[in-house]
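Residue numbers (my numbering): 230 to 389.
Only one structure is covered here, and it is reproduced in the block below.
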């Protein structure tokens, strides 16, 4: 295990998360790649996407089957504008690279939204700090460990 995956696994244990981190020889930086490797649907992949709101990070944990409707999320959260973060911003905010960002294990707490669509799956898979690692979880557990806000993050057209 790499240092980042070891640190992530330790954080999961601190949070009493029962699932074990699964490592892959090849990277799984997309929901489609992860779903293929894990034998599940992309909808059961919990993508941790970082956005910027006035230079502060916003973590949106979205179903791999959906695109995040940033205007919708901004309206629901009562904030003016959300933009996709740069890879440098993501690494600085999370300590984790784009494609491997997990829901926890960041240098400081990040405001988080968890896609309600993930509640449809008994098990969801989230990044574990590296494009080479994921861990099993549930919608309820993601809410608990992140202190996140449940919200449908896809726009109406994407939910159809």
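Cβ coordinates follow ideal geometry from the N, Cα and C atoms, glycine included.
Quick caveat: nothing in here was measured; it's all calculated off a predicted structure.
For the region 341–374, the full-length beta strand (DSSP E) segments reaching 3 residues or more read 353–356, 362–366 along the chain. Residue environment: residue 334 is assigned as buried (16 or more neighbouring CB atoms within 10 Å of its CB, all protein chains considered).
Remark: three or more beta-carbon pairs, one from each stretch, lie closer than 8 Å, so the region 348–356 and the region 364–374 are flagged as touching. If you draw a 10 Å sphere on the C-beta of residue 239, you find fewer than 16 other C-beta atoms in it, and that means exposed.
Beta-bridge pairing by DSSP links residue 285 to 282. Distance between residue 288 and residue 297, taken at the CA atoms: about 11 Å.
Of all alpha-carbon atoms in 267, 249, 269, 292, the one lying nearest the alpha-carbon of residue 276 is that of 292. In the DSSP annotation of this structure, the continuous segment of the alpha helix (DSSP H) that includes residue 316 starts and ends at 316–323.
DSSP places residue 380 inside the beta strand (DSSP E), whose first and last residues are 378–380.
Contact annotation, residue 328 with residue 258: C-beta distance approximately 3 Å; criterion of less than 8 Å satisfied.
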